[in-house]
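*Asks:* Quick note, the sequences are listed as chains A and B, same order.
Residues 1 to 291 in the numbering used here are what the first sequence spells out, letter by letter.
Residues 1 to 193 in the numbering used here are what the second sequence spells out, letter by letter.
Note that beta-carbon positions come from the ideal geometry of N, C-alpha and C, so glycine has one too.
One structure is given below, represented as structure tokens, and several questions about it will come after.
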Amino acid sequence: MTEQAYNFAYLDEQTKRMIRRAILKGVAVPGCQVPFASREMPMPYGWGTGGVQVTAACLTPEDRLKVIDQGADDTTNAVSIRSFFRRTAGVAVTGATADATLIQTRHRIPEHPLTEDQILVYQVPIPEPLRFLEPREPETRKMHSLEEYGLMHVKLYEDIARHGAIATSYDYPVKVEGRYVMDPSPIPKFDNPKLSGCPALQLFGAGREQRIYALPPYTSVVSLDFDDHPFDPGKADHDCDLCGAGDSYLDEVIIDDAGGRMFVCSDTDFCQGRRAAGHIGRLGAPAGAAA
Amino acid sequence: MANPLTAETLGGGFDDAPIQSARAFRAALDAMARPGRIHVIAGARPPAPLSAAAGTLLLTLADGTTPVHLAGDIDCDALRGWITFHTGAPLVPAEAAVFAVGRWTDLAPAHRFAIGTPEYPDRAATLIVEMPVLEAEGPVLAGPGIRDRARLTLPDPEAFRANHALFPLGFDTFLTCGNRVAGLPRSTRVEDF
Chain A
1 MTEQAYNFAY LDEQTKRMIR RAILKGVAVP GCQVPFASRE MPMPYGWGTG
51 GVQVTAACLT PEDRLKVIDQ GADDTTNAVS IRSFFRRTAG VAVTGATADA
101 TLIQTRHRIP EHPLTEDQIL VYQVPIPEPL RFLEPREPET RKMHSLEEYG
151 LMHVKLYEDI ARHGAIATSY DYPVKVEGRY VMDPSPIPKF DNPKLSGCPA
201 LQLFGAGREQ RIYALPPYTS VVSLDFDDHP FDPGKADHDC DLCGAGDSYL
251 DEVIIDDAGG RMFVCSDTDF CQGRRAAGHI GRLGAPAGAA A
Chain B
1 MANPLTAETL GGGFDDAPIQ SARAFRAALD AMARPGRIHV IAGARPPAPL
51 SAAAGTLLLT LADGTTPVHL AGDIDCDALR GWITFHTGAP LVPAEAAVFA
101 VGRWTDLAPA HRFAIGTPEY PDRAATLIVE MPVLEAEGPV LAGPGIRDRA
151 RLTLPDPEAF RANHALFPLG FDTFLTCGNR VAGLPRSTRV EDF
């Protein structure tokens with residue numbers, strides 16, 4: 001079968017209408033999880049089926065799509081989703097954050113500030129922030145309806161009692177516009193401050209769990225904390241070894257069998273941009289030099 | 001049969017549904033995500049008196065699973081036939097509607113419409129209100145999607161203030177005029193002049 005045999009952006013129109021209605025309700029009630037009839041996609045659950053369906057419902061032929069997986073444009077998941085939409089929707093693709101109109105992400109927010117002309121689509125594995133505290137869906141629904149979030153604070157408190165600090169380092173729960181507690185997807189808590197007041201529209205899709213939720217632009221998003229243990233976004237105590245950036249989220253890479261390691265930006269586009277601009281880190285070579 | 005199959009009933013749909021509905025949805029999405037911002041939305045050519053914007057919203061969002069309520073002079077044979085043919089949406093009284101279309105005076109009282117349930121606030125109606133004028137002036141809006149303040153022509157600020165007071169319940173609204181659309185979700189606060 002040829003790619004032209006598929007409808008624009010793969011999904012049929014009835015499915016896209018259903019997803020679009022869910023997205024609009026998600027936008028109208030920021031942070032609230034809206035059920036949707038998630039479809040089987042030609043990729044396994046856990047590979048971004050929720051994000052892919054939200055992206056498919058939002059794409060227009062004029063869009064320029066960027067897909068990142070843990071900040072990288074060139075990992076299997078990102079490459080295959082980008083290729084999927086290039087083939088089924090015919091959209092242009094890019095690796096440059098600033099050039100993209102729609103960015104699908106797995107577990108990172110790009111370092112480059114987003115603009116009003118962009119949409120950020122998150123792939124979400126477990127959309128319910130209370131799920132590991134209360135496994136029953138009717139109960140968590142009731143807790144959200146009653147704004148009963150004491151259990152979440154108990155969990156954070158137990159972190160402090162056991163470790164001396166809130167040990168949750170990713171998937172860090174947030175409160176949206178003073179109402180809904182929301183799972184920001186497994187982004188590092190380093191990225192949490194970027195959720196709030198973001199000029200771009202942020203959409204979240206969970207395929208297996210069949211939920212869509214949203215943060216409209218300029219929505220207030222507060223990471224949960226305590227007065228005496230304020231939220232700390234955290235930062236590895238290093239600079240990027242390739243581009244020298246001191247303000248980006250870093251991956252730790254083991255480079256030999258003797259305990260050698262290096263730290264590199266997780267956002268590959270950001271790192272390449274800095275190196276192209278002449279910034280060189282501890283182990284970096286000048287841009288253009290042979291590796 | 002009240003709806004004869006006329007050219008008016010059968011025509012006026014999308015020529016290229018996947019592409020036109022994708023562009024229309026992006027306009028509607030940005031309108032709902034940024035209250036106060038007015039977008040051009042086009043593609044449908046519905047029979048009078050429905051506006052092109054309202055017709056395009058219905059073709060983009062309504063189908064056999066979404067009961068539609070037609071209010072006032074929108075509830076005419078030509079439009080009943082057009083909506084039924086192009087979307088398959090059942091036409092229902094206000095209380096059962098997922099989408100409701102009409103002028104504000106015909107849609108009022110707005111408390112008839114579904115506002116969702118505490119567990120599922122998304123199960124609320126979306127109103128498509130036909131406006132005589134639609135400009136970025138009038139009552140001041142604040143809330144999610146708005147950086148500082150926005151202004152938008154509203155038919156009845158008091159009704160939207162009451163609707164916001166129900167948050168997270170409440171209906172959501174598209175305001176349409178000609179080929180232009182603006183969004184007013186329940187999350188938007190309507191402030192004093």
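Can you tell me where the beta strand (DSSP E) with residue 177(B) in it begins and where it stops?
*Replies:* Position 177 of the second sequence holds residue 177(B). It spans 172-177 - the beta strand (DSSP E) in which residue 177(B) sits, taken as one unbroken run.
*Asks:* Can you have a look at residue 18(A) and say buried or exposed, based on whether 16 or more other CB atoms are within 10 angstroms of its CB?
*Replies:* As a working mapping, residue 18(A) is identified with position 18 in the first sequence. Buried, by the Cβ-count rule.
*Asks:* Rounded to the nearest angstrom, what separates residue 53(B) and residue 16(B) at their Cα positions?
*Replies:* Within the second sequence, the letter at position 53 stands for residue 53(B). Within the second sequence, the letter at position 16 stands for residue 16(B). Near 17 Å, if we compare the C-alpha coordinates of residue 16(B) and residue 53(B).
*Asks:* So what's residue 235(A) in DSSP terms, helix, strand or just coil?
*Replies:* Start at 1 with the first residue of the first sequence, and residue 235(A) comes out as number 235. Residue 235(A) falls in the coil class under three-state DSSP.
*Asks:* Does residue 19(B) come out as helix, strand or coil in the three-state DSSP assignment?
*Replies:* Along the second sequence, read from residue 1 onward, the residue named residue 19(B) stands at position 19. In this structure, residue 19(B) counts as helix in the three-state DSSP scheme.
*Asks:* Residue 63(B) versus chain A: which residues are under 9 Å apart at the beta carbon?
*Replies:* Here the question's residue 63(B) lines up with position 63 in the second sequence. Result: 13, 14, 17 and 18.
*Asks:* Any Cβ of chain A within less than 8 Å of the Cβ of residue 85(B)?
*Replies:* Along the second sequence, one-based indexing puts residue 85(B) at 85. Chain A contact via Cβ: absent.
*Asks:* Check distances from the C-beta atoms of the region 151-181 of chain A to those of chain B and list, in chain order, the residues that come in under 7 Å.
*Replies:* Flagged, chain order: 177 and 179.
*Asks:* Ends of the alpha helix (DSSP H) at residue 82(A)?
*Replies:* To locate residue 82(A), count along the first sequence from 1; it is residue 82. Here the alpha helix (DSSP H) through residue 82(A) covers 76-88.
*Asks:* List, in order along the chain, the chain B residues whose C-beta lies closer than 7 Å to that of residue 142(A)?
*Replies:* Mapped onto the first sequence, residue 142(A) falls at position 142. Those are 119, listed as they occur along chain B.
*Asks:* Assign residue 108(A) to one of three DSSP states: helix, strand, or coil.
*Replies:* Here residue 108(A) refers to the residue found at position 108 when the first sequence is read from its first residue. Reduced to three states, the DSSP call for residue 108(A) is coil.
*Asks:* Can you look up residue 114(A) in the DSSP assignment and give me helix, strand or coil?
*Replies:* Working through the first sequence from its first residue, we reach residue 114(A) at position 114. If DSSP states are grouped into helix, strand and coil, residue 114(A) belongs with coil.
*Asks:* Identify whether residue 252(A) lies in helix, strand or coil by the three-state DSSP scheme.
*Replies:* Position 252 of the first sequence, counting from 1, holds the residue named residue 252(A). Of the three classes helix, strand and coil, the one that applies to residue 252(A) here is strand, per DSSP.
*Asks:* If we ignore side chains and look at the alpha-carbon of each, how far apart do residue 128(A) and residue 138(A) end up?
*Replies:* Within the first sequence, numbered from 1, the residue matching residue 128(A) stands at position 128. Within the first sequence, numbered from 1, the residue matching residue 138(A) stands at position 138. Cα to Cα, the separation comes out at about 12 Å.
*Asks:* Go through its chain and collect everything with a Cβ distance to residue 187(A)'s Cβ below 7 Å, but skip five positions before and after it.
*Replies:* Walking along the first sequence from the start, residue 187(A) turns up at place 187. Cβ within range, chain order: 107, 108, 109 and 170.
*Asks:* Hey, does residue 114(A) have any beta-carbon neighbour from chain B nearer than 8 Å?
*Replies:* As a first step, residue 114(A) is located in the first sequence; it is residue number 114 there, counting from the start. Chain B, which has no Cβ nearer than 8 Å to the Cβ of residue 114(A), makes this no.
*Asks:* Just how far apart, CA to CA, sit residue 43(A) and residue 108(B)?
*Replies:* Numbered from its first residue, the first sequence carries residue 43(A) at position 43. Numbered from its first residue, the second sequence carries residue 108(B) at position 108. Distance between the alpha carbons of residue 43(A) and residue 108(B): 47 Å.
*Asks:* Taking a Cβ distance cut-off of 8 Å, strictly less, list which residues of the region 13-24 of chain B are near chain A, in chain order.
*Replies:* Per Cβ criterion, the list reads 17, 18, 19, 21, 22 and 23.
*Asks:* Pull up the CB-CB distance for residue 104(A) and residue 51(A), whole angstroms please, since I reckon it's below 8 Å.
*Replies:* Sequence index remark: in the first sequence, residue 104(A) carries index 104 (1-based). Sequence index remark: in the first sequence, residue 51(A) carries index 51 (1-based). Yes, they are in contact, since the Cβ atoms of residue 104(A) and residue 51(A) sit about 5 Å apart, within 8 Å.
*Asks:* Determine whether the Cβ of residue 106(B) lies closer than 8 Å to any Cβ atom of chain A.
*Replies:* Locating residue 106(B) in the second sequence gives position 106, where the first residue counts as 1. Residue 106(B) does not count as touching chain A.
*Asks:* Please list the partners that residue 146(B) has in chain A, where partner means a Cβ-to-Cβ separation under 7 Å.
*Replies:* The sequence position of residue 146(B) within the second sequence is 146, counting from 1. 218, listed in chain order.
*Asks:* Closest by CA to residue 292(A), which one among 279(A), 143(A), 285(A) and 5(A)?
*Replies:* The structure shown does not extend to residue 292(A), since chain A is modelled only from 1 to 291, so the question has no answer here.
*Asks:* Contact defined as beta carbons within less than 8 Å: I believe residue 67(B) pairs with residue 13(A). What is the distance between those atoms, to the nearest angstrom?
*Replies:* Mapped onto the second sequence, residue 67(B) falls at position 67. Mapped onto the first sequence, residue 13(A) falls at position 13. No, residue 67(B) and residue 13(A) are not in contact; Cβ-Cβ is about 19 Å, not under 8 Å.
*Asks:* Let me check one thing: in DSSP terms, what residues is residue 262(A) bridge-paired to?
*Replies:* Numbered from its first residue, the first sequence carries residue 262(A) at position 262. Answer is 253(A), bridged to residue 262(A).
*Asks:* DSSP puts residue 150(B) in a beta bridge; with which residues?
*Replies:* The sequence position of residue 150(B) within the second sequence is 150, counting from 1. For residue 150(B), which the question treats as bridged, DSSP gives the partners 141(B).
*Asks:* Anything in the region 19-31 of chain A with a Cβ closer than 8 Å to a Cβ of chain B? List those residues in chain order, please.
*Replies:* Taking 8 Å as the Cβ-Cβ cut-off against chain B, the residues of the region 19-31 of chain A that qualify are 20, 21, 22, 23, 24, 25, 26, 27, 28, 29 and 30.
*Asks:* Suppose you measure from the CA of residue 175(B) to the CA of residue 36(B); what does that come to, to the nearest Å?
*Replies:* Taking the first residue of the second sequence as 1, we reach residue 175(B) at position 175. Taking the first residue of the second sequence as 1, we reach residue 36(B) at position 36. Rounded to the nearest angstrom, the two C-alpha atoms are 10 Å apart.
*Asks:* Listed in chain order, which residues of the region 158-173 of chain B have Cβ atoms closer than 7 Å to some Cβ of chain A?
*Replies:* Listed in sequence order: 168 and 172.
*Asks:* Of all Cβ atoms in chain A, is any one closer than 8 Å to the Cβ of residue 46(B)?
*Replies:* Taking the second sequence and counting its residues from 1, one reaches residue 46(B) at position 46. Chain A contact via Cβ: absent.
*Asks:* Does residue 178(A) pass the burial test, meaning 16 or more other C-beta atoms within 10 Å, or should it be called exposed?
*Replies:* As a position in the first sequence, residue 178(A) is number 178, starting the count at 1. It is exposed - the Cβ of residue 178(A) has fewer than 16 other Cβ atoms within 10 Å.
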